[in-house]
Structure formats: structure tokens, C-alpha cells
Amino acid sequence: MHQLTEFSTRKNLDVALAQTVSQILAQAISLKGKASIAVSGGSTPKGFFKVLSQRDIDWSKVTITLADERWVAIDSQDSNTRLVHENLLQNNAAAANFFHLKQGDELTDETLTDLNVAASKTLLPLDVLILGMGEDGHTASLFPCSDEINVGLDEKNDAVLMKVQPKTAPHQRISFTFASLITSKNIFLHSCGEGKKTVLTQALNGDDPFEMPIRAFLQHPSLNTQIFWAP
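In this note's numbering, each residue's number is its place in the sequence shown (first place is 1) plus 83.
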């Protein structure tokens, strides 16, 4: 299932999404003393990150991570970790904790096992998940072109995190699995631009998640993916 909310400007979207997300995080802190959120990379969320970073909540009790990450140096322009540090872990949100997906030089099986254990204990279930969407309908690093897509979309997959090597995009990736992401209490798809609206329409009009993995979230019978879109 999905719910689409359209905004006239990206600024209006950023403000509304930041307000909604900060309220959810604050409620989680009030209920259980902590909160967790996974965000996505790319240029789309930068404005949202900057607005969210200024929200007045107890950020010291919030753990932020990424839905996926490229296995590149943290100072690389392609690093989502760098993006989050420069745009979200600022202002009030500088007090938040950050769970690094990219740890070490190589994504070994041992590293992946350790990260799976730590993520399961520290983060799950996520209070908030902010997804993005590529032109091919991928989300997180669940790429339709990858050999790992069947495992990645398997709801019975016990793994929290997985290696992915997309064939149509650079860099090895680490990504949360679909099975772990759907345990999130609040799921949002943040999308901007007419091109992405076309992709979204295509995703909503088809039913094969292996062709467009975002469909697995948008059309899942027991999920409510909230779509925030602006031109």
C-alpha cells in the first residue's frame, strides 16, 4: 500500500517531512528512551537533512544510519556517509549517534557478519526509514540488475545487511535487505522531479518487484509507504 502527498515546492516538502519525522523520533524517545532512523543518499535529501538537523529533539538518543552505502572512502564524493555528516549531523542533530555501514577497507564476510549482529541489536526495528528511488526503480541498493536481487527481496531472508554488486552502477555496496527494512515502523519514499514522477507512475502501474524493486514497498499488502513528492 502507499499514500501519495504532493507538494508545490521542494522546500515545502522538506519542511513537512522534517516535521513529521522529528515528531516520530520524539515520540519513540518518549516511549522507549531511544529512536533510530535510516536515510538514503543522493542529492534529493540534502534540503530535508538541513531542515531536520535544526529540529529541537533529544538527538543524543537518536541513532542515524543509511539504508545503503557504497564501499568507498568516507572522504569520497560518492560516500553517503560524507553526505550525512555534512548535511544532517549538523546543528542540533550533531548530538546524534551515527551507525557506520562502511567499516574497514574491504567488505569481508567477517565484517558483514559483525555488522549484521550490531545492526540487529542497535537499530532494528527502525522507527523511521527514508527511501529514495533510482531511474531504474531501485531503492536502497536493491538493484534489478544485480545477481543479489532475489536474495535482497526475499521476505524470509534472515540477514539484516548484504553485499550488492550492481551491474549498471559503480562500486560495491552494502545494503539493508528488504526483509529487515519492512520491519520499520514508518516508511517514507522521498522523491523529487518530473522524471521521478514518471518512474513512480511506472512503478505503481506494474506488479513485478524484480523489474522495479521499489514496487516491493509500494504494493506490499501490509505496508503503508508514504510518498512525499515535489517537482
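Glycine included, C-beta positions come from ideal geometry on N, C-alpha and C.
It should be emphasised that the depicted structure is a prediction, and the values quoted were computed from it without experimental measurement.
Contact check, residue i vs residue j, beta carbons under 7 Å
i      : j      : result
Ile310 : His168 : no
Ser305 : Arg256 : no
Ser229 : Pro208 : no
Ile147 : Ile120 : yes
Lys144 : Lys115 : no
Ala313 : Arg93  : yes
Ile107 : Asp210 : yes
Ser258 : Asp188 : no
Leu214 : Ser123 : yes
Phe261 : Gly235 : yes
Ala99  : Val134 : no
Pro253 : Glu294 : no
Leu190 : Trp154 : yes
Asp97  : Gly125 : no
Ala109 : Ile140 : yes
Pro296 : Thr205 : no
DSSP-derived helix/strand/coil call for residue i
i      : result
Leu212 : strand
Arg165 : helix
Ile107 : helix
Leu225 : strand
Gly187 : coil
Phe131 : helix
Ile265 : coil
Leu96  : helix
Glu143 : Per the sequence presented here, residue 143 reads as Ser, with Glu not at that position. Helix at Ser143.
Gln102 : helix
Lys239 : coil
Phe300 : helix
Lys115 : helix
Bridge partner(s) assigned by DSSP for residue i
i      : result
Ala121 : Thr148, Leu212
Phe182 : Its beta-bridge partners do not exist; DSSP assigns none.
Gln309 : Gln86, Phe271
Arg138 : Beta-bridge pairing links Arg138 to no other residue.
Arg153 : Arg256
N- and C-terminal bounds of the alpha helix (DSSP H) containing residue i
i      : result
Lys279 : 277–288
Asn199 : 192–205
Ala177 : Run containing Ala177: none; DSSP gives neither H nor E here.
Asn233 : 232–235
Closer than 7 Å to chain C by CB, residue i
i      : result
Gly278 : Any reference to chain C falls outside this structure, which holds one protein chain only.
Where the beta strand (DSSP E) containing residue i begins and where it ends
i      : result
Val247 : 244–247
Ile257 : 256–259
Inspect the CB distances between the region 237–253 and the region 191–199 and report whether three or more fall short of 8 Å.
Contact holds between the region 237–253 and the region 191–199, because three or more Cβ pairs, one in each stretch, are under 8 Å apart.
Segment contact flag, the region 211–225 with the region 168–182, C-beta cutoff 8 Å, min 3 pairs
No, the region 211–225 does not touch the region 168–182.
Between the region 272–288 and the region 163–177, do at least 3 Cβ pairs fall closer than 8 Å?
The answer is no - the region 163–177 does not touch the region 272–288, with fewer than three Cβ pairs under 8 Å.
On the three-pair Cβ rule with 8 Å, is the region 290–306 touching the region 255–274?
Yes: the two stretches touch, three or more of their Cβ pairs being nearer than 8 Å.
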